[in-house]
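Below: the structure, in structure tokens.
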Amino acid sequence: MGKYGFKLITDALFILGLLFFFFYYGERFYCYFLGVLPLEMNQSKKVFEEVAGILRIVLLTSLITVILEGVAFGVMIVWFGHDGWSLGILYGLASLVPAVGGALIWIPIAIYELYHGNVNGAIFIALYSILLISVLIDSVLKPYLIVFIKKRIFKTTLKINEMLIFFSMIAGISQFGFWGIIVGPTITAFFIALLRLYENYFIQKEKETCEC
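Numbered according to the numbering used here, the sequence shown spans residues 60 to 271.
This is the structure in structure tokens:
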């Protein structure tokens, strides 16, 4: 578990550095991206806008999910005499670790309660963490959260199914680990944007040529 914790810290620090880089050099990166793509300028902008729009949805969804899971765990663990603030924050951060997630936090606490003779408490912590947090919040609630963020917060006109975003996040995590949260949706968005360009421009031109 120490290995996963260390990896989480290094990944978090790397993300902070990457965010600083993008905020500082954002405009240069945008211009470089538009220039590198072998497309017309308006086509490149459409691809970039679609990918950026989906990434905004994914990042906000991940942030809200981390907060919800951390709060849910922190509120519960207070009843067992533990520090809800600290453990809630740690649980939220641990939920970003692929495969193990919040188990990095709740398993040691459940073992601690079991060691001190609180068998019912240990079972409750395990069931609460698995069923309410991992299943309900992380698996059931997240797709609805994506829909809400897409339609109510960003009010985007992106024509991509919310479940596709959700499953691209899961597929990305399974293939790329922690970074899959970003990589999976990015690849999906880029592929769909290119398909739309092909449909709107090239197929349309072929139809116009055939009509002539």
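Yeah, the Cβ is synthetic: ideal placement off N, Cα and C, and Gly gets one too.
In whole angstroms, what separates the C-alpha of residue i from that of residue j?
{"i": "Ile-123", "j": "Lys-210", "result": "16 Å"}
{"i": "Phe-80", "j": "Tyr-91", "result": "14 Å"}
{"i": "Leu-254", "j": "Leu-163", "result": "41 Å"}
{"i": "Gly-236", "j": "Ile-251", "result": "23 Å"}
{"i": "Ala-181", "j": "His-175", "result": "10 Å"}
{"i": "Glu-314", "j": "Phe-107", "result": "The requested residue 314 is not part of the displayed model; the chain covers only 60 to 271."}
{"i": "Ser-145", "j": "Ile-212", "result": "29 Å"}
{"i": "His-141", "j": "Phe-183", "result": "15 Å"}
{"i": "Val-156", "j": "Leu-149", "result": "11 Å"}
{"i": "Asn-179", "j": "Ser-233", "result": "33 Å"}
{"i": "Tyr-260", "j": "Gly-147", "result": "50 Å"}
With 16 as the cutoff for other CB atoms within 10 Å, does residue i come out buried or exposed?
{"i": "Leu-190", "result": "exposed"}
{"i": "Phe-225", "result": "buried"}
{"i": "Phe-88", "result": "exposed"}
{"i": "Met-228", "result": "buried"}
{"i": "Ala-158", "result": "exposed"}
{"i": "Pro-244", "result": "buried"}
When DSSP labels each residue in this structure, what does residue i get in the three-state scheme?
{"i": "Ala-162", "result": "helix"}
{"i": "Glu-108", "result": "helix"}
{"i": "Asn-101", "result": "helix"}
{"i": "Pro-244", "result": "helix"}
{"i": "Ser-154", "result": "coil"}
{"i": "Phe-213", "result": "coil"}
{"i": "Asn-179", "result": "helix"}
{"i": "Trp-144", "result": "helix"}
{"i": "Asn-259", "result": "helix"}
Check whether the Cβ of residue i lies closer than 6 Å to any heavy atom of the ligand MN, and answer yes or no.
{"i": "Gly-147", "result": "No copy of the ligand MN appears in this structure; indeed no ligand is present at all."}
With residue i and residue j assumed to form a contact (beta carbons below 8 Å), what rounded beta-carbon distance in angstroms separates them?
{"i": "Glu-221", "j": "Pro-202", "result": "6 Å"}
{"i": "Ala-153", "j": "Gly-160", "result": "6 Å"}
{"i": "Lys-104", "j": "Leu-93", "result": "7 Å"}
{"i": "Leu-119", "j": "Ile-208", "result": "5 Å"}
- Query: Does the pairing of the segment 127–138 with the segment 94–114 give three or more beta-carbon distances under 8 Å?
  - Reply: no
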